[in-house]
Amino acid sequence: MLIDENTTFIVQGITGREAVNLTRECLDYGSKIVGGVTPGRKGREVHGVPVYDSVKQLCDELGQVPDGSVVTVPPAFTKDAVIEAIEAGMPLIVVITEGVPVHDTAAFFAHAQAAGTSRIIGPNCPGIASPGQSNAGIIPADISGAGKIGLVSKSGTLTYQLMYELRDIGFSTSVGIGGDPIIGTTHIDALQAFEDDPDTDAIIMVGEIGGDAEERAADYIKTNLTKPVVGYVAGFTAPEGKTMGHAGAIVSGSTGTAEAKKQALEAAGVKVGKTPSETARLMREVFEQTLVGQQSR
Numbered sequence: 245m246l247i248d249e250n251t252t253f254i255v256q257g258i259t260g261r262e263a264v265n266l267t268r269e270c271l272d273y274g275s276k277i278v279g280g281v282t283p284g285r286k287g288r289e290v291h292g293v294p295v296y297d298s299v300k301q302l303c304d305e306l307g308q309v310p311d312g313s314v315v316t317v318p319p320a321f322t323k324d325a326v327i328e329a330i331e332a333g334m335p336l337i338v339v340i341t342e343g344v345p346v347h348d349t350a351a352f353f354a355h356a357q358a359a360g361t362s363r364i365i366g367p368n369c370p371g372i373a374s375p376g377q378s379n380a381g382i383i384p385a386d387i388s389g390a391g392k393i394g395l396v397s398k399s400g401t402l403t404y405q406l407m408y409e410l411r412d413i414g415f416s417t418s419v420g421i422g423g424d425p426i427i428g429t430t431h432i433d434a435l436q437a438f439e440d441d442p443d444t445d446a447i448i449m450v451g452e453i454g455g456d457a458e459e460r461a462a463d464y465i466k467t468n469l470t471k472p473v474v475g476y477v478a479g480f481t482a483p484e485g486k487t488m489g490h491a492g493a494i495v496s497g498s499t500g501t502a503e504a505k506k507q508a509l510e511a512a513g514v515k516v517g518k519t520p521s522e523t524a525r526l527m528r529e530v531f532e533q534t535l536v537g538q539q540s541r
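Taking the working numbering, I'd label the letters of the sequence shown as residues 245 to 541.
Below, the structure is given as structure tokens:
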């Protein structure tokens with residue numbers, strides 16, 4: 245959907261401990277990492293990937309702008325790193341970093357909107373993976389094969405679990421959008437991309453308590469999507485007023501509860517599981533019904 249076997253990308257903050265591991269795992273998967281950036285580290289290599297001092301320097305030496313960047317720098321430097329990638333014209337920017345100040349996210353997201361050239365995924369997300377093709381982030385893409393399910397999720401660990409439980413059916417693309425109050429790519433953005441993707445037959449949408457993103461997605465599904473959607477909302481047992489994991493996952497009164505989101509999604513024709521395993525079962529039923537329908541024609 246957004247990446248394939250030909251996608252080239254860079255890793256910003258590539259010499260950091262986690263970035264070194266990410267780089268190795270993505271390379272082992274077959275991803276095309278063409279360079280990395282850490283200021284002051286030009287001339288080094290990480291698993292054979294050359295390191296540069298800046299995104300501009302990297303692009304100048306390559307003679308082209310890569311298709312994307314995976315940003316793994318510390319939170320205090322994330323805004324500058326993302327803006328640097330935007331100003332280089334990077335089409336896809338995946339921000340893995342957790343703990344980015346919300347006002348910094350607002351600033352670089354506004355910068356991206358003004359530039360009109362870059363799609364941001366994240367921050368505080370596991371990235372994007374197309375099994376059998378490429379992996380840009382920390383999703384363990386080898387836990388599932390290629391298939392026809394598209395997955396968009398606020399939660400990294402729930403992404404991994406659902407990919408594993410449905411590994412025999414397989415996934416076209418899995419996108420972890422992150423659970424911060426402000427994010428780049430939203431549920432709606434991913435849902436429409438999956439709707440337009442010929443390699444995706446059905447969609448799983450994973451949300452969580454807090455905010456109204458899932459309710460807005462439900463309205464969008466009702467009027468814009470033709471492909472079946474199965475949903476899961478994390479946080480049915482969350483106590484009121486407690487922040488649960490993600491910065492945006494907080495319930496105030498009746499606003500943003502899992503039950504309210506479930507009702508909104510079901511009203512839009514989305515089957516909603518109360519556990520990840522039930523969600524996987526519902527998706528299996530969707531594929532079984534599709535197969536029966538094909539055989540009856």
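Where is the CB? At the ideal position from N, CA and C, for every residue including glycine.
If you look at residue 252, you'll find it isn't in any alpha helix (DSSP H); it sits in the beta strand (DSSP E) that goes 252–256.
Exposure of residue 347 is indicated by the presence of fewer than 16 other C-beta atoms within 10 angstroms of its C-beta.
Beta-bridge analysis with DSSP links residue 534 to no other residue. The C-alpha of residue 454 is placed about 43 Å away from the C-alpha of residue 286. In the DSSP annotation of this structure, residue 379 is not part of any alpha helix (DSSP H); the continuous beta strand (DSSP E) holding it starts and ends at 378–381. A direct Cα-Cα distance of roughly 42 Å separates residue 445 from residue 297. The continuous stretches of alpha helix (DSSP H) do not include residue 363, which lies in the beta strand (DSSP E) extending over residues 363–365.
Within the DSSP secondary-structure output, residue 417 pairs in a beta bridge with 394. If you ignore the 5 residues before and after residue 292, its C-beta comes within less than 7 Å of no other C-beta in its own chain.
In the pairwise beta carbon analysis, the segment 417–429 is classified as touching the segment 391–407: at least three pairs are separated by under 8 Å. Each residue's CA atom was taken as its position, placing residue 447 and residue 377 some 19 Å apart. Relative to residue 367, the option among 390, 532, 319, 284 whose CA is nearest is 319. Along the length of the segment 501–530, whole alpha helix (DSSP H) runs at least 4 residues long occupy 502–511, reported in chain order.
Residue 330 sits close to residue 359, with the two beta carbons spaced by under 7 Å. For residue 399, same chain residues with a beta-carbon under 7 Å away, outside a window of 5 residues either side, are 423, 450, 452, 478 in chain order. Within the segment 293–326, the complete beta strand (DSSP E) runs of at least 3 residues fall at 293–296, 312–315.
Residue 469 places its beta carbon less than 7 Å from that of residue 439. Ranking 349, 475, 273 by CA distance to the CA of residue 382 puts 273 first.
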